[in-house]
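Notes follow the structure.
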Amino acid sequence: MPSGITISVASGKGGTGKTTIATNLALVLAKRGEKVTYLDCDVEEPNGHIFLKPDIMQSNPVNVPVPQVDHEKCNFCGKCGDICEFNAIAVLEDKVLVFPSICHSCGGCTSVCPEGAIKDVPRTIGEIHSGNGLGIAFHEGRLNVGEAIAPPITKVLRKSAGASDIVLIDAPPGTSCPVIEAVKDTDFVLLVTEPTPFGLNDLKLAVGMVRALNLPFGVVINRSDSGDDGVETYCLKEDVDIMMRIRFDRKLAEAYSSGGMPLAEDPDYAEKLYLMRQNIERRLNGGRTCHPER
Ligand code: SF4
Ligand code: SF4
Numbered sequence: 010m011p012s013g014i015t016i017s018v019a020s021g022k023g024g025t026g027k028t029t030i031a032t033n034l035a036l037v038l039a040k041r042g043e044k045v046t047y048l049d050c051d052v053e054e055p056n057g058h059i060f061l062k063p064d065i066m067q068s069n070p071v072n073v074p075v076p077q078v079d080h081e082k083c084n085f086c087g088k089c090g091d092i093c094e095f096n097a098i099a100v101l102e103d104k105v106l107v108f109p110s111i112c113h114s115c116g117g118c119t120s121v122c123p124e125g126a127i128k129d130v131p132r133t134i135g136e137i138h139s140g141n142g143l144g145i146a147f148h149e150g151r152l153n154v155g156e157a158i159a160p161p162i163t164k165v166l167r168k169s170a171g172a173s174d175i176v177l178i179d180a181p182p183g184t185s186c187p188v189i190e191a192v193k194d195t196d197f198v199l200l201v202t203e204p205t206p207f208g209l210n211d212l213k214l215a216v217g218m219v220r221a222l223n224l225p226f227g228v229v230i231n232r233s234d235s236g237d238d239g240v241e242t243y244c245l246k247e248d249v250d251i252m253m254r255i256r257f258d259r260k261l262a263e264a265y266s267s268g269g270m271p272l273a274e275d276p277d278y279a280e281k282l283y284l285m286r287q288n289i290e291r292r293l294n295g296g297r298t299c300h301p302e303r
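Residue numbers in the sequence shown follow the working numbering, run continuously in steps of one, and reach 303 at the last position.
The following block contains the structure:
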């Protein structure tokens, strides 16, 4: 189990720079001698590996239990179909159909079957890859193509982190179940956004999510010198800490698009990322955040 703090990096929508923050923060802290673990929980589209370039040393399948019906024992009573709220099992006149890709492995059908006609069988839905890149312990989850249910992979992935000073979780975009599975029980959530009306709208949804989960959080504004001041005004009104601002810089964008780590390699931004980590620690210890940019 991790012994340090766990910070999740999330955003209400994709393309805001969430992975940039997670990977560059990981590198800055590793360079400062911290033992860092990075978990890529964006299991439908993990891309942290592009930047951390890990040597993968282990790959393990993630299996979930799904029902298998023994038609010799079944009396076609329909109870399994009635209890399944996901319509993943359907009882016909002389056949029971199971739709594994939408089964949530809740075990409800197995428990209500009066004939003991259902048993759970394992089904592989993805993989966990583990290794090391740039001095950072790296784990990523990958959902198999065509699979619809990501949270079981995230659940296994979050248990992969060994003892570390800091665990950084790169969450999927949005505010749905896979995101909640990635950020829940973390010590702090960084919400990455952009200063645009769309960015503000998605930030509001993300803030609602982390408040409902009762998690401490702060905001990172990417491309902070573009767009409008809606995000800044909202954060001020809602008493939300802005942990860091990143200005638009073509050179940074070009370095990032070719798999570079421009923030960690820029002395000013590296220092800001380190200060942000310190501010998070300060917040978690009951203090206020210092704002080096204000
Ligand atoms: S609950 Fe059991 S016996 Fe009834 S239809 Fe389903 S599998 Fe068959
Ligand atoms: S395990 Fe749960 S979700 Fe899957 S078929 Fe049975 S009742 Fe439905």
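Cβ coordinates follow ideal geometry from the N, Cα and C atoms, glycine included.
- Assuming Gly-150 and Thr-163 form a contact by the criterion Cβ under 8 angstroms, report the distance between their Cβ atoms to the nearest whole angstrom. Position 141 of the sequence shown, counted from the first residue, corresponds to residue 150. Position 154 of the sequence shown, counted from the first residue, corresponds to residue 163. Their Cβ separation, rounded to whole angstroms, is 6 angstroms, which keeps Gly-150 and Thr-163 in contact under 8 angstroms.
- Message: Please return the same chain residues whose Cβ sits closer than 6 angstroms to the Cβ of Gly-24, not counting the five positions on each side in sequence.
- Response: Start at 1 with the first residue of the sequence shown, and residue 24 comes out as number 15. Contacts found: none.
- Who are the near neighbours of Ala-180 in its chain, counting only those whose CB is closer than 6 angstroms to its CB and skipping five residues on each side? The count along the sequence shown starts at 1 and reaches residue 180 at position 171. Counting only Cβ-Cβ distances below 6 angstroms, and skipping sequence neighbours, we find Ser-17, Ala-19, Cys-50, Val-188, Ala-191, Val-192.
- Cα-Cα, which of Pro-276, Leu-143, Asn-153 is closest to Pro-63? By one-based count along the sequence shown, residue 63 stands at place 54. The shortest C-alpha separation from Pro-63 is found at Leu-143.
- Query: Say the cut is 8 angstroms; is the CB of Gly-117 nearer than that to a heavy atom of ligand 2?
  - Reply: Taking the sequence shown and counting its residues from 1, the one referred to as residue 117 is at position 108. Within the cutoff, so yes.
- Task: Would you decide whether Lys-27 is buried or exposed? Buried here means 16 or more other CB atoms lie within 10 Å of its CB.
- Result: By one-based count along the sequence shown, residue 27 stands at place 18. So Lys-27 ends up on the buried side.
- Close-in-space but distant-in-sequence residues of the same chain around Leu-166 (CB under 7 angstroms, 5 per side omitted): On the sequence shown, residue 166 is found 157 positions in, with the first residue counted as 1. Result list for Leu-166: Leu-48, Cys-50, Ile-137, His-148, Gly-150, in chain order.
- Consider the C-beta atom of Pro-160 and the heavy atoms of ligand 2; say whether any pair is separated by less than 8 angstroms. In the sequence shown, counting from the first residue as 1, residue 160 sits at position 151. It does not: the Cβ of Pro-160 is nowhere closer than 8 angstroms to a heavy atom of ligand 2.
- Task: Drop a sphere of 10 angstroms on the beta-carbon of Arg-286, count the other beta-carbons inside from all chains shown, and report buried for 16 or more, exposed for fewer.
- Result: What you label residue 286 is simply residue 277 of the sequence shown in a count that begins at 1. Burial call: buried.
- Query: Any heavy atom of ligand 2 closer than 8 angstroms to the CB of Ile-30?
  - Reply: Residue mapping note: residue 30 aligns to position 21 of the sequence shown, counting from 1. No, the Cβ of Ile-30 stays beyond 8 angstroms of every heavy atom of ligand 2.
- With distances taken between CB atoms, is the gap from Arg-292 to Gly-227 smaller than 9 angstroms? Residue 292 sits at position 283 when you count from the first residue of the sequence shown. Residue 227 sits at position 218 when you count from the first residue of the sequence shown. Result yes, Cβ atoms of Arg-292 and Gly-227 sit closer than 9 angstroms.
- Query: With a Cβ-Cβ cutoff of 9 angstroms, do Asp-237 and Pro-206 count as a contact?
  - Reply: As a working note, residue 237 is residue 228 in the sequence shown. As a working note, residue 206 is residue 197 in the sequence shown. It is a contact, given that the beta carbons lie within the stated cut-off.
- If Val-154 sits next to Cys-112, beta carbons under 8 angstroms apart, how far is it from one beta carbon to the other, in whole angstroms? Here the question's residue 154 lines up with position 145 in the sequence shown. Here the question's residue 112 lines up with position 103 in the sequence shown. No, Val-154 and Cys-112 are not in contact; Cβ-Cβ is about 18 angstroms, not under 8 angstroms.
- Message: Taking 9 angstroms as the threshold (C-beta atoms), are Thr-46 and Ile-145 in contact?
- Response: Walking along the sequence shown from the start, residue 145 turns up at place 136. Walking along the sequence shown from the start, residue 46 turns up at place 37. It is a contact, given that the beta carbons lie within the stated cut-off.
- Query: If you draw a straight line from the C-alpha of Val-73 to the C-alpha of Val-52, how long is it?
  - Reply: Translated into the one-based positions of the sequence shown, residue 73 becomes position 64. Translated into the one-based positions of the sequence shown, residue 52 becomes position 43. Computed Cα separation, rounded: 15 angstroms.
- Query: Name the DSSP beta bridge partners of Met-253, please?
  - Reply: The sequence position of residue 253 within the sequence shown is 244, counting from 1. In DSSP, Met-253 forms a bridge with Val-229.
- Message: If you measure between the beta carbons of Cys-89 and Cys-122, is that distance less than 9 angstroms?
- Response: To locate residue 89, count along the sequence shown from 1; it is residue 80. To locate residue 122, count along the sequence shown from 1; it is residue 113. Cβ distance < 9 angstroms, so Cys-89 and Cys-122 count as in contact.
- For the candidate residues Tyr-278, Ile-158, Arg-232, whose alpha-carbon lies nearest to that of Leu-36? Counting from 1 along the sequence shown, the entry for residue 36 is found at position 27. Of Tyr-278, Ile-158, Arg-232, the residue nearest in Cα terms is Tyr-278.
- Using the Cα positions of Val-78 and Gly-171, report the straight-line distance between them to the nearest angstrom. Translated into positions along the sequence shown, residue 78 becomes position 69. Translated into positions along the sequence shown, residue 171 becomes position 162. If I take the Cα positions, the gap works out to 39 angstroms.
- Task: Ignore the nearest five residues each way along the sequence and tell me which others in Val-201's own chain have a CB closer than 7 angstroms to its CB.
- Result: Taking the sequence shown and counting its residues from 1, the one referred to as residue 201 is at position 192. Closer than 7 angstroms at the Cβ level, and outside the excluded window around Val-201, lie Val-18, Ser-20, Thr-25, Gly-26, Lys-27, Ile-30, Val-229, Asn-231.
- Applying the criterion that 16 or more other CB atoms from any shown protein chain within 10 Å of the CB defines a buried residue, is Pro-70 buried or exposed? For the purposes of this step, residue 70 is identified with residue 61 of the sequence shown, where counting begins at 1. That one is exposed.
- Task: With DSSP as the reference, please indicate the residues paired to Tyr-47 in a beta bridge.
- Result: By 1-based counting over the sequence shown, the position of residue 47 is 38. Bridge partners of Tyr-47: Phe-147, Leu-177.
- Query: Would the beta-carbon of Ile-134 be found less than 8 angstroms away from any heavy atom of ligand 1?
  - Reply: Residue mapping note: residue 134 aligns to position 125 of the sequence shown, counting from 1. Checking the Cβ of Ile-134 against ligand 1 gives no.
- Message: Tell me the DSSP secondary structure of Pro-187 in three-state form.
- Response: Walking along the sequence shown from the start, residue 187 turns up at place 178. In the structure shown, Pro-187 sits in a helix (DSSP, three-state: H, G or I).
- Task: State the Cα-Cα distance for the pair Glu-290 and Phe-60, rounded to the nearest angstrom.
- Result: The residue labelled residue 290 in the question sits at position 281 within the sequence shown. The residue labelled residue 60 in the question sits at position 51 within the sequence shown. Their backbone Cα atoms lie some 25 angstroms apart in a straight line.
- Who does Ser-68 pair with in a DSSP beta bridge? The sequence position of residue 68 within the sequence shown is 59, counting from 1. Bridge partners of Ser-68: His-138.
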